[in-house]
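Engineer: Structure below; questions to follow.
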Amino acid sequence: PALNTLGLSMARIDYEVGGLNPPHLHPRASEMLTVLEGTLYAGFVTSNLQQGGNRLYAEVLNKGDIFVFPQGLIHFQLNIGDKSAVANAAFSSQTPGLVTVANVVFGSTPPIMDDVLTKGFRVDKKVIEALRAPFCSYDQTVLHSFF
25 PALNTLGLSM
35 ARIDYEVGGL
45 NPPHLHPRAS
55 EMLTVLEGTL
65 YAGFVTSNLQ
75 QGGNRLYAEV
85 LNKGDIFVFP
95 QGLIHFQLNI
105 GDKSAVANAA
115 FSSQTPGLVT
125 VANVVFGSTP
135 PIMDDVLTKG
145 FRVDKKVIEA
155 LRAPFCSYDQ
165 TVLHSFF
């Protein structure tokens with residue numbers, strides 16, 4: 025409540041050993057991550073193809089380290105240490121939004137048509153079905169009868 029109307033928000037993130045905050049983005053905010061305990065591998069990927077885009081910027085972060093994720097870019101954190109890790113995330117918006125890439129692409133309702141995903145990811149339908157399986161709760165055979 026103390027941050028209400030100030031255009032900021034915060035979150036505490038706890039990571040078990042091997043724990044992952046999967047690739048995601050915040051459409052309405054940049055994020056500043058501060059490691060409080062443990063060791064994280066964190067990074068983001070740029071999006072400008074004309075200027076060397078799709079470049080990964082990643083670092084191993086330890087207690088006291090800070091990493092900034094620009095607004096709208098896909099980013100992640102992985103606990104690579106041998107104990108739990110804790111971090112605080114500060115956002116430049118009260119409503120940063122959260123889009124988790126795999127959940128959105130492979131778990132949408134209704135599902136994205138197979139042809140879109142096979143062509144977009146340049147893989148065959150079996151790969152898409154395997155990637156979709158952990159995220160979907162519907163019968164995948166309906167995907168083959170869209171058109």
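For the sequence shown, the working numbering gives the first residue as 25, with consecutive numbering after it. Don't be surprised by glycine CBs; every beta carbon is placed ideally from N, CA and C.
#1: Of all the options Asn28, Tyr39, Thr29, which has the alpha carbon lying nearest to the alpha carbon of Gly105?
#2: Throw me the rounded Cβ distance for the Val59 and Lys107 pair, which I believe falls under 8 Å.
#3: Only counting the same chain, and skipping five residues up and downstream in sequence, which positions put a Cβ closer than 8 Å to that of Arg52?
#4: Could you tell me the alpha carbon to alpha carbon distance between Lys150 and Ala113, rounded to whole angstroms?
#5: Buried or exposed: which applies to Thr165, given that a residue is buried once 16 or more other Cβ atoms fall within 10 Å of its Cβ?
#6: Can you give me the start and stop residues for the beta strand (DSSP E) that Thr58 sits inside?
#7: State the start and end residues of the unbroken alpha helix (DSSP H) segment that holds Asp38.
#8: Could you check which residue in Lys143, Gly131, Gly144, Asp139 has the C-alpha nearest to that of Leu155?
#9: Under 8 Å Cβ to Cβ from Met34, same chain only, skipping five residues before and after it: list those, please.
#10: Output the boundary residues of the beta strand (DSSP E) element that contains Ala82.
#11: Give me whichever residues DSSP pairs with Val110 in a beta bridge.
#12: Please state if the CB of Val125 and the CB of Ile152 are separated by a distance shorter than 8 Å.
Structural biologist: For this structure:
#1: Mapped onto the sequence shown, residue 105 falls at position 81. Ranking Asn28, Tyr39, Thr29 by Cα distance to Gly105 puts Tyr39 first.
#2: Indexing the sequence shown from 1 puts residue 59 at position 35. Indexing the sequence shown from 1 puts residue 107 at position 83. Between Lys107 and Val59 the Cβ distance is about 13 Å, and since that is not below 8 Å, they are no contact.
#3: As a position in the sequence shown, residue 52 is number 28, starting the count at 1. Result list for Arg52: Gln95, Ser117, Thr119, Pro120, Gly121, in chain order.
#4: Numbered from 1 along the sequence shown, position 126 holds the residue referred to as residue 150. Numbered from 1 along the sequence shown, position 89 holds the residue referred to as residue 113. Their backbone Cα atoms lie some 37 Å apart in a straight line.
#5: For the purposes of this step, residue 165 is taken as the residue at position 141 of the sequence shown. Per-residue confidence for Thr165 stands at a pLDDT of 47, beneath the threshold of 50, marking its modelled position as unreliable; the derived number appears in the next sentence. The residue in question, Thr165, is exposed, as its Cβ has fewer than 16 Cβ neighbours within 10 Å.
#6: To locate residue 58, count along the sequence shown from 1; it is residue 34. Run containing Thr58: 55-61, per the beta strand (DSSP E) assignment.
#7: By 1-based counting over the sequence shown, the position of residue 38 is 14. Looking at the DSSP string, Asp38 is not in any alpha helix (DSSP H); the run it does join, the beta strand (DSSP E), is 33-39.
#8: In the sequence shown, counting from the first residue as 1, residue 155 sits at position 131. Selected option, being the one with the closest Cα: Gly131.
#9: Indexing the sequence shown from 1 puts residue 34 at position 10. Once the five neighbours on either side are set aside, the close Cβ partners of Met34 are Leu27, Asn112, Ala113, Ala114, Phe115.
#10: Stepping through the sequence shown from its first residue, residue 82 is reached at position 58. From DSSP, the beta strand (DSSP E) with Ala82 extends over 80-85.
#11: Counting from one through the sequence shown, the residue named residue 110 turns up at place 86. DSSP lists Asp38, Glu61 as partners of Val110.
#12: In the sequence shown, residue 152 corresponds to position 128, counting from 1. In the sequence shown, residue 125 corresponds to position 101, counting from 1. The answer is no: Cβ separation not under 8 Å.
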